[in-house]
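Engineer: Take this structure first; my questions come after.
6 protein chains.
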Amino acid sequence: MAKIAASILACDLARLADEVKRVEEHVDMIHFDVMDGHFVPNISFGLPVLKALRKETKLPISVHLMITNPEDYIDRFIEEGADMVAIHYESTFHLHRLVHRVKDLGAQAFVAINPHTPINLLSEIITDVDGVLVMSVNPGFSGQRFIARSLEKIRNLRKMVKELGLETEIMVDGGVNEENASILVKNGATILVMGYGIFRNDNYVELIKSIKQEREESAD
Amino acid sequence: MAKIAASILACDLARLADEVKRVEEHVDMIHFDVMDGHFVPNISFGLPVLKALRKETKLPISVHLMITNPEDYIDRFIEEGADMVAIHYESTFHLHRLVHRVKDLGAQAFVAINPHTPINLLSEIITDVDGVLVMSVNPGFSGQRFIARSLEKIRNLRKMVKELGLETEIMVDGGVNEENASILVKNGATILVMGYGIFRNDNYVELIKSIKQEREESAD
Amino acid sequence: MAKIAASILACDLARLADEVKRVEEHVDMIHFDVMDGHFVPNISFGLPVLKALRKETKLPISVHLMITNPEDYIDRFIEEGADMVAIHYESTFHLHRLVHRVKDLGAQAFVAINPHTPINLLSEIITDVDGVLVMSVNPGFSGQRFIARSLEKIRNLRKMVKELGLETEIMVDGGVNEENASILVKNGATILVMGYGIFRNDNYVELIKSIKQEREESAD
Amino acid sequence: MAKIAASILACDLARLADEVKRVEEHVDMIHFDVMDGHFVPNISFGLPVLKALRKETKLPISVHLMITNPEDYIDRFIEEGADMVAIHYESTFHLHRLVHRVKDLGAQAFVAINPHTPINLLSEIITDVDGVLVMSVNPGFSGQRFIARSLEKIRNLRKMVKELGLETEIMVDGGVNEENASILVKNGATILVMGYGIFRNDNYVELIKSIKQEREESAD
Amino acid sequence: MAKIAASILACDLARLADEVKRVEEHVDMIHFDVMDGHFVPNISFGLPVLKALRKETKLPISVHLMITNPEDYIDRFIEEGADMVAIHYESTFHLHRLVHRVKDLGAQAFVAINPHTPINLLSEIITDVDGVLVMSVNPGFSGQRFIARSLEKIRNLRKMVKELGLETEIMVDGGVNEENASILVKNGATILVMGYGIFRNDNYVELIKSIKQEREESAD
Amino acid sequence: MAKIAASILACDLARLADEVKRVEEHVDMIHFDVMDGHFVPNISFGLPVLKALRKETKLPISVHLMITNPEDYIDRFIEEGADMVAIHYESTFHLHRLVHRVKDLGAQAFVAINPHTPINLLSEIITDVDGVLVMSVNPGFSGQRFIARSLEKIRNLRKMVKELGLETEIMVDGGVNEENASILVKNGATILVMGYGIFRNDNYVELIKSIKQEREESAD
């Protein structure tokens with residue numbers, strides 16, 4: 000059954016506690032998009048906001064580091080409450096070291112890849128990570144349209160993971176909605192990140208339910 | 000009469016709307032500290048948080064850019080509601096251009112200086128700016144202790160401003176509290192940024208009142 | 000029939016208008032190599048030179064961005080008249096976004112790859128681009144010798160393109176001359192960039208003719 | 000008598016040889032603005048253009064390096080024919096070393112300062128340079144308006160130079176035109192950089208004559 | 000027979016001459032790890048130390064550049080005595096150019112790859128290099144534990160090299176010790192870098208002997 | 000009486016222990032020049048060399064950080080044994096923070112200034128530091144010639160220090176020799192860094208003696 004991560008980038012950020020409370024029982028984790036204005040052309044939020052959020056929920060928090068110097072911030076995001084940290088393949092010379100730093104500090108380590116980055120670049124790191132975060136839009140903004148080609152990337156990634164006998168999570172982030180969620184899960188996505196689809200959608204509870212069901216049907 | 004800017008870096012960031020509502024009638028503006036994890040060793044918050052904040056208050060919002068690429072973000076912070084933008088002297092080769100960009104977009108332009116930066120570096124830009132933001136702690140974190148030497152810097156800055164016949168605002172940020180507020184105002188500070196002193200202080204209303212009074216007394 | 004792009008880096012840059020006029024009727028496009036002194040160890044020319052060139056010719060102009068910050072300059076090069084923009088795989092974290100920015104602005108998007116960059120890195124972007132610019136010398140200077148191994152890269156790229164049922168252009172840049180032009184075309188090159196071979200070669204008209212013919216012969 | 004430098008950034012860059020020929024007998028030097036797209040938000044022209052220009056004129060060529068890595072390009076610009084090289088104070092940690100490198104290679108060394116940079120920063124380097132290039136607009140584009148405050152900067156610089164008993168040139172670049180040229184010369188400018196005022200002005204010969212005369216009148 | 004490189008990062012650096020003398024007759028080359036504090040989080044040693052070392056030994060010296068600007072230092076390390084230079088795939092946009100620069104200056108060129116970097120990225124450069132330096136720990140410190148997965152990488156690399164009919168050296172660096180040396184050689188390693196295993200191991204002579212023997216046994 | 004710091008950059012680096020032993024009783028401290036190949040065009044030595052050196056001498060070790068990211072290395076150099084750390088004014092946005100970090104860790108904090116940097120930039124930091132390191136050559140290499148103008152800088156610095164009633168050390172580094180040592184001390188230098196003058200000078204003991212004497216004579 001696919002897990003759902005609610006991305007707070009899309010919620011009313013002046014009422015973070017309320018927004019999280021509102022969706023908490025329906026989702027599996029809170030997704031936290033850190034943008035530094037260098038790796039991506041946007042500055043979102045970081046450590047003090049995570050600290051405040053951490054007090055409001057017991058759900059796991061997945062932190063996606065869209066920053067050019069992840070080596071300087073891994074420890075502190077975990078200290079402030081991250082349960083998972085996603086590091087971009089494109090953002091570091093030392094992916095193996097950073098992935099193991101995350102794990103040594105007790106959090107789950109994901110590697111994130113941009114739309115143009117092929118999965119064959121993951122061959123040496125895939126056995127070390129807990130999951131792969133496939134960006135299905137270009138990182139930097141919420142509310143973008145799903146890049147269709149991502150579906151095949153997810154399918155290929157699932158194949159790679161299965162062939163290696165791994166249980167690596169496949170997290171999909173960007174443009175996930177009622178039209179594509181089901182097909183994503185069928186093709187291998189195990190965690191769907193949703194922002195507008197949850198926080199700006201009156202029917203998000205049904206949407207989540209249907210996603211969770213769909214997955215079971217496709218399980219055979 | 001000195002103005003008070005409430006720095007939301009010190010408030011409960013999970014309840015930004017409530018926090019701002021709570022203090023709104025007692026302060027003159029909301030202070031918004033943008034940190035990119037490169038200019039300073041912290042990542043705070045940026046555009047989407049400002050957008051959410053803007054809807055909650057009619058107070059002016061002063062945005063302090065602690066980022067290494069201010070030229071890329073001035074337009075967008077003003078678009079999302081900044082009434083004032085402070086740019087660090089240390090962060091750009093083109094201070095004159097950026098200051099005028101802020102002004103051309105209808106906001107007030109401040110230049111911010113770190114504790115080690117002397118005010119004689121401002122001689123060519125002082126006539127162009129609406130104010131100077133004197134950092135009285137090293138930027139990057141809230142809750143630090145006031146650097147005593149800043150008082151003389153403020154005094155010298157006031158002297159420079161007066162000699163030039165200007166009305167440049169002198170904004171002081173860092174470690175401002177009940178013990179030093181009065182003396183700061185007496186020595187030339189026209190805007191005091193306060194974080195903990197407001198958001199984590201039960202007596203902040205009295206404190207603000209006393210600061211505002213003190214200023215008048217010292218006016219002669 | 001292969002197209003020929005005349006690279007003005009090799010012409011008499013003090014007489015750009017004349018040089019372009021001279022070769023215009025024999026070539027298919029003008030090639031414009033932008034070097035910023037950071038991505039490559041040379042500074043060539045940029046926006047104001049393109050603007051001047053644009054007035055002199057109706058031929059398409061292909062702009063090759065050898066710069067480390069292509070995201071900041073795509074819009075402006077297209078504004079000044081670029082019909083095609085080539086972005087280096089090595090120069091950006093966000094190739095998918097930049098490629099689509101070029102296309103959204105109405106120009107053709109090419110991805111350029113340095114000699115050491117394998118084509119398997121293009122698997123996720125090949126369906127999005129109009130062409131691939133294969134560097135057959137190390138970028139930065141005109142007048143270098145063709146790297147022999149590029150031929151196999153071109154052959155493999157053609158194979159990739161064909162297998163995907165695409166019509167992606169294969170542009171070859173660096174050391175193209177009368178000795179290798181024919182074999183390049185036979186192996187899949189659809190656009191040949193030539194500098195010295197055109198601007199510093201008395202027989203360039205025959206050379207171009209023979210290249211164009213050669214291609215037809217090898218077409219079956 | 001003030002010298003006039005004709006800035007080719009404002010000429011028809013497709014006809015550089017003609018443009019230079021046209022103005023050559025009326026001006027004292029050709030000014031060559033190198034922009035790398037990093038120090039300033041524009042990419043202009045560099046080494047191969049200078050090489051082409053060098054063959055067309057015997058006038059001295061002054062090269063203004065608006066680049067972030069001047070240490071990598073000084074030698075090569077002098078090799079291609081620069082008679083003077085201006086390095087920005089803001090662009091290097093090692094101004095003294097670079098200034099002396101320029102001089103050791105037989106060219107004149109100027110230090111350039113942006114509008115917000117005070118001249119008191121030059122106290123340790125002024126005795127080493129042949130001239131100071133005072134930017135009277137923000138560097139990056141031609142055709143901007145003269146920043147009025149530059150006049151006082153020039154006056155103060157002349158005072159500094161005189162007090163030290165030096166003969167340092169004071170070069171002014173940006174927005175120089177018929178309205179301010181005379182007053183600039185009177186206040187200490189010894190070299191005026193003009194672009195539009197020469198290349199896009201039918202009366203530039205008279206303008207230059209009047210500037211040269213004005214200077215003599217003010218000599219007493 | 001595998002070659003042994005003694006890494007001086009692990010020796011008593013206050014007695015470099017003595018340390019090298021002590022091991023000289025037992026090893027095939029001296030390994031010299033240059034760290035700039037940017038590519039890796041450590042600053043080790045560079046040009047003046049190499050110059051001093053060069054006078055003390057006739058053994059070949061292999062220089063491993065863990066720096067972000069290898070293009071600026073290749074010439075000088077070869078000038079000071081490097082017989083081999085390893086450049087990180089991750090550290091440059093222009094690997095082909097740098098590899099050939101090393102060779103043009105008469106030294107052997109190796110490409111180094113970090114633990115997470117797959118060998119399929121080497122497909123275009125493998126025919127140009129004298130060897131590949133496989134990092135079997137994350138670069139930056141001596142005394143780390145061998146990353147088990149490296150073994151398969153070495154095996155795959157040997158396969159790639161053999162299939163291409165090449166004689167490329169396979170150098171392994173990081174955590175090499177008596178437990179894994181033999182298996183590394185059997186799987187294709189042709190040069191083993193050892194630090195603690197030599198300089199802080201009383202039985203290093205036997206260890207080296209046994210490694211050299213082991214290789215021969217596995218030769219069939 | 001002036002103190003003498005022996006700069007090991009000039010010693011036989013293959014025999015560091017011996018070299019230090021040889022001069023130890025004649026000098027007051029050992030000077031350790033860290034160059035990262037980014038702040039200066041040379042890579043010298045760093046942490047593991049300091050660690051080795053620390054075991055060989057009880058003399059204070061002064062570490063001069065010629066690196067662009069001093070914030071990342073202060074703690075570790077002090078951990079490995081630095082008694083003093085000099086940070087370049089030009090190398091950081093946060094000089095006040097770094098100076099106090101050095102002091103909080105129990106070491107002496109110096110600020111270093113390049114030849115072109117005026118001392119008036121120190122007005123806000125001078126009261127916080129233990130000393131100023133005046134570079135009297137451009138940093139990066141040993142064996143350069145003393146820049147004559149440095150003498151006035153030292154004199155002015157002494158004046159500034161005296162006027163403020165401080166006891167700030169004035170350390171001079173670069174080209175110090177028997178011809179200028181005496182005059183430097185007379186004009187305010189309290190610590191002279193010497194490299195070649197000690198390690199490559201047979202009469203260094205007399206030289207040091209005469210310097211120490213000279214100082215006393217000039218004391219009146």
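Chains as they are written, first to last, in numbering that gives the first Met the number 0: chain Y, 0 to 219; chain R, 0 to 219; chain H, 0 to 219; chain F, 0 to 219; chain G, 0 to 219; chain V, 0 to 219.
Think of the CB as a built atom: it goes at the ideal place given N, C-alpha and C, for glycine as much as any other residue.
What number of angstroms, rounded off, separates the C-alpha of residue 24 (chain G) from the C-alpha of residue 16 (chain G)?
Structural biologist: 14 Å
Engineer: Can you have a look at residue 129 (chain Y) and say buried or exposed, based on whether 16 or more other CB atoms are within 10 angstroms of its CB?
Structural biologist: buried
Engineer: How many angstroms separate the CA atom of residue 198 (chain F) from the CA atom of residue 117 (chain Y)?
Structural biologist: 51 Å
Engineer: Taking Cβ positions only, does residue 47 (chain V) come closer than 9 Å to chain F?
Structural biologist: no
Engineer: Might you give, ordered along the chain, the residues of its own chain that have their beta carbon closer than 8 Å to the beta carbon of residue 126 (chain Y), omitting 5 neighbours on each side?
Structural biologist: The answer, listed in chain order, is 163, 165.
Engineer: Indicate the three-state DSSP secondary structure (helix, strand or coil) for residue 118 (chain V) in the structure shown.
Structural biologist: Here residue 118 (chain V) carries a helix assignment [DSSP, helix/strand/coil].
Engineer: Out of curiosity, what's the CA-to-CA distance linking residue 121 (chain G) and residue 159 (chain F)?
Structural biologist: 59 Å
Engineer: Where do the N-terminal and C-terminal ends of the alpha helix (DSSP H) with residue 103 (chain F) fall, by residue?
Structural biologist: 94-103
Engineer: CA-CA distance, residue 57 (chain R) and residue 7 (chain R)?
Structural biologist: 15 Å
Engineer: With three or more C-beta pairs closer than 8 Å as the rule, is the segment 140-148 of chain G touching the segment 166-177 of chain G?
Structural biologist: Here the segment 166-177 of chain G lies against the segment 140-148 of chain G, with 3 or more beta-carbon pairs under 8 Å apart.
Engineer: Apart from the five residues on each side of it in sequence, which residues of its chain come closer than 7 Å, Cβ to Cβ, to residue 192 (chain Y)?
Structural biologist: 4, 6, 30, 170, 171, 172, 175
Engineer: Would you call the segment 62-81 of chain F in contact with the segment 35-46 of chain H, where contact means no fewer than 3 C-beta pairs closer than 8 Å?
Structural biologist: yes
Engineer: I need the boundaries of the beta strand (DSSP E) containing residue 31 (chain F), first residue and last residue.
Structural biologist: Residue 31 (chain F) -> beta strand (DSSP E) spans 28-34.
Engineer: In this structure, does DSSP put residue 211 (chain Y) in helix, strand or coil?
Structural biologist: helix
Engineer: Just to confirm before moving on: does the CB-CB distance between residue 115 (chain R) and residue 63 (chain V) stay below 9 Å?
Structural biologist: no
Engineer: The beta strand (DSSP E) spanning residue 132 (chain V) covers which residue range?
Structural biologist: 130-134
Engineer: Give every residue of the same chain whose Cβ lies closer than 8 Å to the Cβ of residue 260 (chain R), excluding the five residues on either side of it in the sequence, and list them in chain order.
Structural biologist: Residue 260 (chain R) lies beyond the residue range present for chain R, which begins at 0 and ends at 219; the question has no answer from this structure.
Engineer: Do you know how far the Cα of residue 187 (chain G) is from the Cα of residue 150 (chain G)?
Structural biologist: 9 Å
Engineer: Going straight from the alpha carbon of residue 132 (chain V) to that of residue 204 (chain V), what length do you get?
Structural biologist: 24 Å
Engineer: Could you tell me whether any Cβ in chain F is nearer than 9 Å to the Cβ of residue 35 (chain H)?
Structural biologist: By the rule that beta-carbons nearer than 9 Å mark a contact, residue 35 (chain H) touches chain F.
Engineer: Tell me which residues of the segment 96-127 of chain V have at least one Cβ-Cβ distance to chain R shorter than 7 Å, keeping chain order.
Structural biologist: 96, 119, 120, 122, 123, 124, 126
Engineer: Compare the C-alpha of residue 157 (chain G) against each of G:139, G:183, G:177 and name the closest.
Structural biologist: Here the closest residue by C-alpha is G:183.
Engineer: Look at the Cβ atom of residue 180 (chain R), then the Cβ atom of residue 135 (chain R), and state whether they are nearer than 9 Å.
Structural biologist: no
Engineer: Can the beta-carbon of residue 244 (chain Y) be found closer than 9 Å to that of residue 190 (chain Y)?
Structural biologist: The structure shown has nothing for residue 244 (chain Y), since chain Y only spans 0 to 219.
Engineer: Going along chain G in order, which residues have a C-beta closer than 9 Å to the C-beta of residue 152 (chain H)?
Structural biologist: Under a criterion of Cβ atoms nearer than 9 Å, the residues of chain G adjacent to residue 152 (chain H) are, in order, 123.
Engineer: Evaluate residue 28 (chain R) with the Cβ neighbour count: other Cβ atoms within 10 Å of its Cβ, from every protein chain shown; 16 or more gives buried, anything less gives exposed.
Structural biologist: buried
Engineer: My guess is that residue 83 (chain F) and residue 51 (chain F) are in contact by the Cβ rule of under 8 Å, so how many angstroms apart are they, rounded?
Structural biologist: Rounded, the Cβ-Cβ distance is 19 Å, inconsistent with contact.
Engineer: Closest Cβ-Cβ distance between residue 210 (chain R) and chain F: below 9 Å?
Structural biologist: no
Engineer: For residue 107 (chain V), which beta-bridge partners are listed by DSSP?
Structural biologist: V:83
Engineer: Would you kindly report the start and end of the unbroken alpha helix (DSSP H) that includes residue 60 (chain F)?
Structural biologist: Where residue 60 (chain F) is concerned, there is no enclosing alpha helix (DSSP H), although the beta strand (DSSP E) it sits in stretches over 60-65.
Engineer: Find out if the Cβ-Cβ distance for the pair residue 104 (chain G), residue 86 (chain G) is shorter than 9 Å.
Structural biologist: Cβ atoms of residue 104 (chain G) and residue 86 (chain G): not closer than 9 Å.
Engineer: Using CA atoms only, rank isn't needed, just tell me which of G:14, G:100, G:10 is closest to residue 201 (chain G).
Structural biologist: G:10
Engineer: Starting from the beta carbon of residue 44 (chain Y), find every residue of chain R whose beta carbon is closer than 9 Å, and list them in chain order.
Structural biologist: 12, 42, 43, 44, 45, 47, 48
Engineer: Using the Cβ count rule (16 or more neighbours within 10 Å means buried), how would you classify residue 80 (chain R)?
Structural biologist: Under this definition residue 80 (chain R) is a buried residue.
Engineer: By Cβ distance, which residues of its chain are closer than 8 Å to residue 139 (chain H), with the 5 residues on each side in sequence left out?
Structural biologist: 34, 39, 40, 41, 65
Engineer: Which partner residues of residue 170 (chain R) appear in the DSSP bridge assignment?
Structural biologist: R:132, R:190
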